[in-house]
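Residue numbers (the working numbering), protein chains in the order written: chain A, 1 to 397; chain B, 1001 to 1188.
Below: one structure, written as structure tokens.
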């Protein structure tokens, strides 16, 4: 029997790992991720979860242990945040190169200095080139759901890729809300045990991680690129199957919220999306033709889907909770790239909520009204930093 | 949507109080959300926690800036924190003190309905925490429920009996006693 529990995003991640019947967990604690691994350690020690819990001395070792475990055909899980994730960087690339479907939860937290433990997407987006699939969650239910789905997608023989399921620090990780903890049998049916074609097995020996000479290396990389090309369809298919069985549709690549025939399309990621939906309803009630696209899957980037949902749109307003120095907000840049040569529209990038700055409905509404105003006045600035100390008066009025 | 803000000190159980209230409201069929102020919590330091309750889906994930209800679990906080900041007109304030509500109304300088209950004494009476540092969360919640009618007292007592980590019976008694003893607008 499924059960409704009021749990934090951190506990939702732990329950997602439990329901996925992960076999090996290796992790190192870091704020605000600590509760994920504490909860798993508790579940393992109480015998509620049948997994090997490996204590390690760093995040780098955590992913190394997961890679080794996955290589033997075990389902492996870890969790981290910010500086811990940065330390893991080398192994994130290794996991995808070795085609190992390890799943990790990253709690999106700002990078120091100055030290910050609060929500910011830069830690995850700094890893966008590592060959990890990346799923941004909007609420705690989606955190649990996405861990289960990430194994299903990643372990598909045509995909074989690792995933990062990410949630915003504190806003999800420490906020308690109702979450459905599914019936284990139902999850087992959806997600059978992991049985890879190639693994470390003394009965059937293979070599792993060996040298790739110049006449081979490039072809291995091409195989990974091919898997990423197949992933969007797989993600949509798994999302559909999941929603049919469990009743929760998390949106697959992009969740479309009231986007049919809109003039203005707002793009958000993570927890801001949830608050934004209330604001979209308010603006629509005031007569504005506006809708919201929640960018859920950042890797693979949903290029085709963006082309499709921007048909007939005049203005795209993108909210980026990250900034890549010398370039701009990550989502806005990639959306522009996807639309190049396909759409003639105005696109504005709003840099918001870095380091946990609170994104209130009022600020969100002012951003959306600004995007609406561009229809008449045209693009004023390509990038605007919202709610800085020097311009707070404008965005909070 | 009803938005509630708890002011306490690390160790008094403000975060747990925000969760218990959410659970009771959820069990009555509402959508809920409970969260601490995103800080670095330490024992004795000021702690702020929040609860949202709505019959519709709670989607707002911003912090609460204009609460409908404010709860003060430690009176010494009045010198350090502007506890009524952003309080909605007509929003209620519930404080842990043996003083009369009228007196507190003057201290706070507000026209809002003010309620008081000596939750610390009630907690000590039921041996919750120590005399120096009583755990007042289950007591103050009884007063909150009486003052606001947000949930039925039975719903709250069920949650306290089920989820209080220790001394379930004593905690439930403290909740009931504070419910009975709270003073304010219509409860003198």
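Yeah, the Cβ is synthetic: ideal placement off N, Cα and C, and Gly gets one too.
Every value quoted in this text rests on a predicted model; they were computed, and no experiment measured them.
Pairwise C-beta distances place the segment 163 to 176 of chain A out of contact with the segment 215 to 232 of chain A, as fewer than three of them are shorter than 8 Å. At a cut-off of 8 Å between beta carbons, residue 1049 of chain B makes no contact with chain A.
The straight-line gap separating the alpha-carbon atoms of residue 208 of chain A and residue 1161 of chain B is approximately 55 Å. Interface criterion not met: the Cβ of residue 1137 of chain B is under 8 Å from no Cβ in chain A. For the pair residue 42 of chain A and residue 299 of chain A, the CB atoms are not nearer than the 8 Å cut-off. Within the segment 349 to 376 of chain A, contact with chain B at the beta-carbon level (separation under 8 Å) is assigned to 356, 358, 359, 360, 361.
Residue 370 of chain A and residue 271 of chain A have their C-alpha atoms roughly 21 Å apart. Of all residues in the segment 266 to 298 of chain A, those with a C-beta nearer than 8 Å to a C-beta of chain B are 271, 272, 274, 275, 277, 278, reading in chain order. When the Cα atoms are used, residue 394 of chain A and residue 373 of chain A turn out to be separated by approximately 15 Å.
Of all residues in the segment 174 to 188 of chain A, those with a C-beta nearer than 8 Å to a C-beta of chain B are 174, 175, 176, 177, 178, reading in chain order. Looking at the DSSP output, residue 1031 of chain B shares a beta bridge with B:1054.
Distance from the CA of residue 30 of chain A to the CA of residue 112 of chain A, rounded to the nearest whole angstrom, comes to 14 Å.
Taking a Cβ-Cβ cut-off of 9 Å, residue 1006 of chain B has no neighbours in chain A, whose nearest Cβ is about 14 Å from it. Secondary structure remark: continuous alpha helix (DSSP H) runs of at least 4 residues inside the segment 168 to 205 of chain A, in chain order: 184 to 190.
Between the alpha carbons of residue 303 of chain A and residue 340 of chain A lies a gap of roughly 10 Å. Within the same chain, 262, 263, 264, 265, 343, 345 come within 8 Å of residue 313 of chain A by CB-CB distance, once the 5 residues on both sides are set aside. Residue 178 of chain A is a Cβ neighbour of residue 1031 of chain B, given a cutoff of 8 Å. Using a 10 angstroms sphere on the CB of residue 201 of chain A, the tally of other CB atoms stays under 16, which defines it as exposed.
Between residue 1142 of chain B and residue 1176 of chain B, the beta carbon gap of about 6 Å places them in contact (Cβ cut-off 8 Å). Within chain A, no C-beta atom comes less than 7 Å from the C-beta of residue 1020 of chain B; the nearest is roughly 10 Å away.
Taking every protein chain shown into account, the CB of residue 381 of chain A has fewer than 16 other CB atoms within 10 angstroms, so this residue is exposed.
At a beta-carbon threshold of 7 Å, the residues of chain B lying near residue 171 of chain A are 1061, ordered along the chain. For residue 1006 of chain B, DSSP records a beta bridge to B:1049, B:1071. Annotation: the segment 322 to 397 of chain A contains the following complete segments of the beta strand (DSSP E) (minimum length 3 residues), in chain order: 346 to 351, 383 to 385. Every unbroken stretch of the beta strand (DSSP E) spanning 3 or more residues and falling wholly within the segment 4 to 37 of chain A is given here in chain order: 24 to 27. Distance between residue 162 of chain A and residue 101 of chain A, taken at the CA atoms: about 4 Å. Residue pairing of residue 106 of chain A in beta bridges, as defined by DSSP: A:80, A:166. Any Cβ of chain B closer than 8 Å to the Cβ of residue 6 of chain A would place that residue at the interface, and such an atom is present. Annotation: Cβ neighbours of residue 1031 of chain B in chain A (cutoff 9 Å, chain order): 177, 178.
In the three-state reduction of the DSSP assignment, residue 266 of chain A falls in the strand class, which pools E and B. Residue 134 of chain A has A:164, A:299 as its beta-bridge partners, per DSSP. Between residue 283 of chain A and residue 368 of chain A, the gap from beta carbon to beta carbon is short of 8 Å.
Just measuring C-alpha positions, the residue of A:324, A:360, A:355 sitting nearest residue 349 of chain A is A:324. In the three-state reduction of the DSSP assignment, residue 218 of chain A falls in the helix class, which pools H, G and I. One Cα belongs to residue 251 of chain A, the other to residue 152 of chain A, and the distance between them is close to 16 Å. Classified as exposed, residue 72 of chain A has fewer than 16 neighbouring CB atoms from the shown chains inside 10 Å of its CB.
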